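Novice:
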Amino acid sequence: MLPKGTLKDRVAIITGGGTGIGFAIATEFARLGAKLVLASRSAEHLEPSAEKLRAQGADVLAVTTDVREPAQVDRLCQETLRRFGALDILVNNAAGNFVCPAEKLSVNGWNAVVNIVLNGTFYCSRAAGLEMIKSGRGGNILNIVAAYAWTGGPGTIHSASAKAGVVAMTRTLAVEWARYKIRSNAISPGPVETSGAGGQLWAAPEVREAMLKTVPRGRIGRPEEVAHAAAYLVSDYADFITGEVLVMDGGQWLGKGMFGVKRES
Ligand code: HXC
Ligand code: NAP
Numbered sequence: 197m198l199p200k201g202t203l204k205d206r207v208a209i210i211t212g213g214g215t216g217i218g219f220a221i222a223t224e225f226a227r228l229g230a231k232l233v234l235a236s237r238s239a240e241h242l243e244p245s246a247e248k249l250r251a252q253g254a255d256v257l258a259v260t261t262d263v264r265e266p267a268q269v270d271r272l273c274q275e276t277l278r279r280f281g282a283l284d285i286l287v288n289n290a291a292g293n294f295v296c297p298a299e300k301l302s303v304n305g306w307n308a309v310v311n312i313v314l315n316g317t318f319y320c321s322r323a324a325g326l327e328m329i330k331s332g333r334g335g336n337i338l339n340i341v342a343a344y345a346w347t348g349g350p351g352t353i354h355s356a357s358a359k360a361g362v363v364a365m366t367r368t369l370a371v372e373w374a375r376y377k378i379r380s381n382a383i384s385p386g387p388v389e390t391s392g393a394g395g396q397l398w399a400a401p402e403v404r405e406a407m408l409k410t411v412p413r414g415r416i417g418r419p420e421e422v423a424h425a426a427a428y429l430v431s432d433y434a435d436f437i438t439g440e441v442l443v444m445d446g447g448q449w450l451g452k453g454m455f456g457v458k459r460e461s
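In terms of our numbering, the sequence shown is residues 197 to 461.
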């Protein structure tokens, strides 16, 4: 666990910060002293979470934002600057997902997910990055991806394709914006227990059981585990790390060898 004060007075925007992994990241950043901006479409997701953090002493702004809309993303950054006078960290955590075979996926279904995950990540990175460049203080961009960005994702072609683009974006910005003291990294979680993922992707007990068998470590991950890694990557402890994608998935994506040990239960 990083010591309290590690992110003291850093201002962090977390998209999708009202639920699941995003809320866990917000909670950990708050513990470490950051000022927080939670952004997503639904005030019903944002407000109760912001209240919980405030009750723990955190300074939190909630801004309803659809990351698919560049004007709303610009407004998010402006409101952040108006309230806190700075912007140091952006976590691109918002996502949409559902399981659908490629041949049944409509154009709207494809666009719904790609616009959130790929375009939304660019709109937010662009708007936040311009502010970080202008301030001269640099900053950190952290993207949440998934390992099907490089394995492909049968049943989730929209999300897998978009996450692959986000990995490329992570590495591109790491190089382009290093001169501005902006670091760009990503975390690739395996299955993590959240209502968004579990509820959409492994709601049926037999699907969950089969999915668990693909994880050599033998369990589902916890949002707090992702939050600890996120805090490290945006902190000064990771000052020489940029363009990295940290996989934390209990060995899931590696467990595909022909002669590997199979987990039976
Ligand atoms: C087929 C579907 C569908 C489904 C929606 N669509 N759900 N098609 N199967 N289950 C289609 C619709 O029919 C429509 O196309 C188009 O997608 C847009 O649907 P809307 O409901 O209008 O979209 P919208 O309200 O914008 O909602 C976006 C969403 C929704 C992505 C569809 O699921 C959402 O808001 N998700 C946010 C939360 C979430 O998904 N969290 C999971 C993150 S977990 P037509 O053609 O009919 O108009 C994650 C895990 C990664 O990413 C890896 C795990 C290992
Ligand atoms: P989640 O709770 O459903 O989180 C998704 C968040 O995105 C929600 O807070 C949602 O809030 C927000 N969001 C969706 N569309 C948005 C939009 N257009 N604009 C702004 N915000 C939007 O699921 P999660 O499991 O915590 O996922 C968090 C991240 O981890 C995602 O990037 C996901 O792909 C990644 N991930 C998760 C897992 C897993 O197993 N859980 C595995 C790998 C990667 P609103 O509905 O209020 O907009």
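Backbone N, C-alpha and C fix where the C-beta goes; we use that ideal spot for every residue, glycine too.
Values in this document were obtained by computation on a predicted structure and should not be read as measured data.
Within the present structure, is the beta-carbon of phenylalanine 219 separated from the nearest heavy atom of the ligand HXC by less than 7 Å?
Specialist: no
Novice: Helix, strand or coil: which one does DSSP assign to methionine 365?
Specialist: Here methionine 365 sits in helix by DSSP.
Novice: For the segment 303-317 against the segment 361-378, are there 3 or more C-beta pairs whose distance is under 8 Å?
Specialist: Touching, yes.
Novice: Tell me the DSSP bridge mates of threonine 211?
Specialist: Ala235
Novice: Can you list, in chain order, the residues of its chain with a C-beta nearer than 8 Å to that of lysine 204? Leave out the 5 residues immediately preceding and following it.
Specialist: Leu228, Gly229, Ala230
Novice: Is valine 309 closer than 8 Å to asparagine 293 when the C-beta atoms are compared?
Specialist: yes
Novice: Only counting the same chain, and skipping five residues up and downstream in sequence, which positions put a Cβ closer than 7 Å to that of glycine 392?
Specialist: Thr215, Gly216
Novice: Going by DSSP in three states, arginine 322 sits in which element: helix, strand or coil?
Specialist: Helix at arginine 322.
Novice: Looking at the ligand NAP, does it come within less than 7 Å of serine 357, judged from the CB to the closest heavy atom?
Specialist: no
Novice: Taking the continuous alpha helix (DSSP H) assigned at lysine 309, which residues delimit it?
Specialist: One detail in the question is off: residue 309 reads as valine in this sequence, not lysine. First-last of the alpha helix (DSSP H) with valine 309: 303-310.
Novice: Assuming leucine 442 and alanine 425 form a contact by the criterion Cβ under 8 Å, report the distance between their Cβ atoms to the nearest whole angstrom.
Specialist: Under the criterion of beta carbons closer than 8 Å, leucine 442 and alanine 425 qualify as touching, at roughly 6 Å.
Novice: Would you kindly work out how many angstroms separate the C-alpha atoms of tyrosine 376 and glutamate 405, rounded to a whole number?
Specialist: Each residue's Cα considered, the two are about 46 Å apart.
Novice: Please look up how many angstroms separate the CB atoms of alanine 222 and isoleucine 209, rounded, as I've assumed it's under 8 Å.
Specialist: About 10 Å; that fails the 8 Å criterion.
Novice: Which of the three DSSP states is assigned to proline 297 in this structure?
Specialist: coil
Novice: What does DSSP give as the partner residue(s) for proline 385 in the beta ladder?
Specialist: Met444
Novice: I need the straight-line Cα distance from threonine 261 to arginine 237, nearest angstrom please.
Specialist: 5 Å
Novice: Is any non-hydrogen atom of the ligand NAP found closer than 7 Å to the C-beta of asparagine 289, if you look at the structure I gave you?
Specialist: yes
Novice: Quick one: is methionine 463 buried, meaning 16 or more other Cβ sit within 10 Å of its Cβ, or exposed?
Specialist: Residue numbering for the chain in the displayed model covers 197 to 461; residue 463 lies beyond these limits and cannot be assessed.
Novice: Pull up the CB-CB distance for glycine 446 and proline 401, whole angstroms please, since I reckon it's below 8 Å.
Specialist: About 20 Å; that fails the 8 Å criterion.
Novice: In this structure, what does DSSP give as the bridge partners for threonine 260?
Specialist: Bridge partners of threonine 260: Ser236.
Novice: Return the chain-ordered list of same chain residues with a C-beta closer than 8 Å to the C-beta of valine 233, the five sequence neighbours on each side being excluded.
Specialist: Val207, Ala208, Ile209, Ile210, Gly213, Val256, Leu257, Ala258, Val259, Leu272, Glu275, Thr276, Arg279, Phe280
Novice: Name the one or two DSSP bridge partners that asparagine 289 has.
Specialist: Looking at the DSSP output, asparagine 289 shares a beta bridge with no other residue.
Novice: What residues in its chain sit with their C-beta under 8 Å from that of phenylalanine 435, if we drop five residues either side in the sequence?
Specialist: According to the sequence provided, residue 435 is aspartate. The question's phenylalanine does not apply to it. Cβ within range, chain order: Arg379.
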